[in-house]
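Residue numbers (full-length UniProt numbering): 1 to 193.
Here is the structure:
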């Protein structure tokens, strides 16, 4: 996995934090020289079950990999839009691709792993295009994924379309909010015990 800042959750949760020491995670050249942790077991990522600390590590790793992926393969925003992190369907798909890629290119893996990954990547690009189209994501603006309300359910309010001004700043704020929410849940569970 990628090398991480010494205590990233403290800086991300600081209201005055500008994200400058996390710039390496959005730089594909840094990803290309990433230090992978061979002691950490490869496993599927269930975003619903991650602790705050685990989520922070996974968000940063996934962000670096997605940046590398979109630049290495010349992926347009119709496949990977700037605010992919704000769409669960894209996070799950990209996370699965990332885990699959790590396995396919593992030094202990099968020599045919990379070709299998590329076959699956072709299928995944079709799904990504469909979800991006359905959500209405664009290079310069984004809106929350539309939710269908079933009969008898309370309508779900979706936020308005927003302009994309600084993708990295939005990502860092999104991760800080996610980590803070997970910490609050962890604290509530500890307090209830």
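Every residue gets a Cβ at the ideal spot worked out from N, C-alpha and C, and that includes glycine.
The alpha helix (DSSP H) runs of length 4 or more contained entirely in the stretch 59 to 107 are, from start to end of the chain, 88 to 104. Taking a C-beta distance under 7 Å as the contact criterion, residue 141 and residue 163 qualify as a contact pair. Annotated as proximal: residue 124 and residue 97, with beta-carbon spacing under 7 Å. Residue pairing from DSSP places residue 163 in a beta bridge opposite 141.
Considering only 45, 51, 43, 108, the residue with the shortest C-alpha distance to residue 190 is 51.
Shown here, residue 117 sits in a helix according to DSSP, grouped into three states. Taking 7 Å as the cut-off, the beta carbon of residue 145 is found closer than this to the beta carbon of residue 135. C-alpha of residue 175 to C-alpha of residue 63: approximately 10 Å in a straight line. The beta-carbon separation of residue 105 and residue 113, rounded to 7 Å, stays under the 8 Å limit for a contact. The three-state reading of DSSP puts residue 112 in coil, since its state is none of H, G, I, E or B. The C-alpha of residue 182 is placed about 16 Å away from the C-alpha of residue 45.
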